[in-house]
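Chemist: 72 is the number of the first residue of the sequence shown in my numbering; add one for each residue after it. We put the beta carbon where it would ideally sit given N, CA and C, even for glycine. A single structure is presented below for examination.
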Amino acid sequence: MFNKVVVCGVGLIGGSFALALKAAGVAGQVVGLGRTAAPLEQAKQLGVIDAIAKNWKDALDGADLVLLGMPVGQMPAVMAALAPHLGPNTIVTDAGSTKQDVAAAARAALGNKIAQFVPGHPIAGAEKSGVAAASKDIYRERRVVLTPVPENMSATVARLRAAWEACGATVSELTPELHDRIFAAVSHLPHLLAYALVNEFAQRENTDQLFGFAAGGFRDFTRISGSHPEMWRDICLANRSALIAEVDAYMAELLKARVLLAAADGAGLQAMFDNARTTRNAWLDSLSPPGE
């Protein structure tokens, strides 16, 4: 399907994309590019990539597909660097968790080549970051969201869709605006809450005692606070308007819970908890294959 694939930012997401394409037999050669040499050398030693490019000119020579796997804050500079060397037959996509800012950066950098850029967001990850955590199976039975821009040709989007499907993913399409509103609620807010809770505990005088007694519930709630800090800083800043709205809605719900607690309103608390449990169980049931 692709003779030459370029991955810029060969970490967990980019490295897993490379491994999945190679395992599916749809990538002839995978070339890595990045800002530091050590991760690239490690990726080559692990067999994640086949070669290391020194610059965008060499990387894009004969390239069919490019995945930008760096934090969204780095996208504008990277796109500006690749733009002069982008040939007419190369598809470019990204793996960023925000889409309006990435689409705007691509439009500014690529100009009349914007039709070659299809924004994307694989909904997959792991507690560990870096290429050593990459896996060919990370996208299997996971969702990937594409947010095409108006200039994209249907054939270009279809080819990128086929690449992700070869990785085992289920591909959906949203507008960049709707994507950012949805993921502010279901992804960006939970990460912000997990980081904030752990950070608040870390500043207390009895931090060691708190963490000494913390068990499964705390570990489950705060698991995502182990995610890449630079990446999540950029995501929160890029989507801050939608995220602030979600923070405000959550604070309002917390205030309702506080009122119930202060009033010792057991019935009110139970009703809140029952609704949350029923809603979550219905969501989990919807994720299970029929008959499982």
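Alpha carbon to alpha carbon, what distance is there between residue 298 and residue 185?
Modeler: Their backbone Cα atoms lie some 31 Å apart in a straight line.
Chemist: Using the Cβ count rule (16 or more neighbours within 10 Å means buried), how would you classify residue 310?
Modeler: By the 10 Å Cβ count, residue 310 comes out buried.
Chemist: Would you call residue 327 buried or exposed, if buried means 16 or more other Cβ atoms sit within 10 Å of its Cβ?
Modeler: Flag for residue 327 reads exposed.
Chemist: Could you compute how far the alpha carbon of residue 107 sits from the alpha carbon of residue 339?
Modeler: When rounded, the distance between both Cα atoms is 54 Å.
Chemist: Does DSSP put residue 216 in a helix, in a strand, or in coil?
Modeler: Three-state DSSP puts residue 216 in a strand.
Chemist: Below 8 Å, can you find three or more Cβ-Cβ pairs linking the stretch 168-175 to the stretch 142-151?
Modeler: Yes, the stretch 168-175 touches the stretch 142-151.
Chemist: Going by C-alpha distance, which of 148, 210, 256, 100 is nearest residue 131?
Modeler: If we check each option's Cα against that of residue 131, 100 comes out closest.
Chemist: Which class does residue 77 belong to by DSSP, given the choice of helix, strand or coil?
Modeler: Reduced to three states, the DSSP call for residue 77 is strand.
Chemist: Provide the residue(s) that pair with residue 241 in DSSP beta bridges, ordered along the chain.
Modeler: 214.
Chemist: How long is the line joining the alpha carbons of residue 31 and residue 286, rounded to whole angstroms?
Modeler: Residue 31 lies beyond the range of the chain shown here (72 to 363); nothing can be said about it.
Chemist: Taking all protein chains shown into account, decide if residue 85 is buried (16 or more other Cβ within 10 angstroms of its Cβ) or exposed.
Modeler: Classification for residue 85: buried.
Chemist: Going by the CB atoms, is the gap between residue 202 and residue 333 shorter than 8 Å?
Modeler: No; because the gap between Cβ atoms is not below 8 Å, this pair is not in contact.
Chemist: Which same chain residues end up closer than 6 Å to residue 134 when comparing Cβ atoms and leaving out the 5 residues on each side of it in sequence?
Modeler: The residues are 75, 77, 161.
Chemist: Ends of the alpha helix (DSSP H) at residue 171?
Modeler: Note, residue 171: alpha helix (DSSP H), 171-181.
Chemist: For residue 323, is the classification buried or exposed, using 16 other Cβ atoms within 10 angstroms of its Cβ as the cut-off for buried?
Modeler: By the neighbour-count rule (16 or more Cβ atoms within 10 Å), residue 323 is not buried but exposed.
Chemist: I'd like to confirm the pairing. Which residues does DSSP put opposite residue 103 in its beta bridges?
Modeler: Paired residues: 78, 123.
Chemist: Who are the near neighbours of residue 127 in its chain, counting only those whose CB is closer than 6 Å to its CB and skipping five residues on each side?
Modeler: Correct list, in chain order: 152, 153, 156.
Chemist: State buried or exposed for residue 330, treating a residue as buried only when at least 16 other CB atoms are found within 10 Å of its CB.
Modeler: Flag for residue 330 reads exposed.
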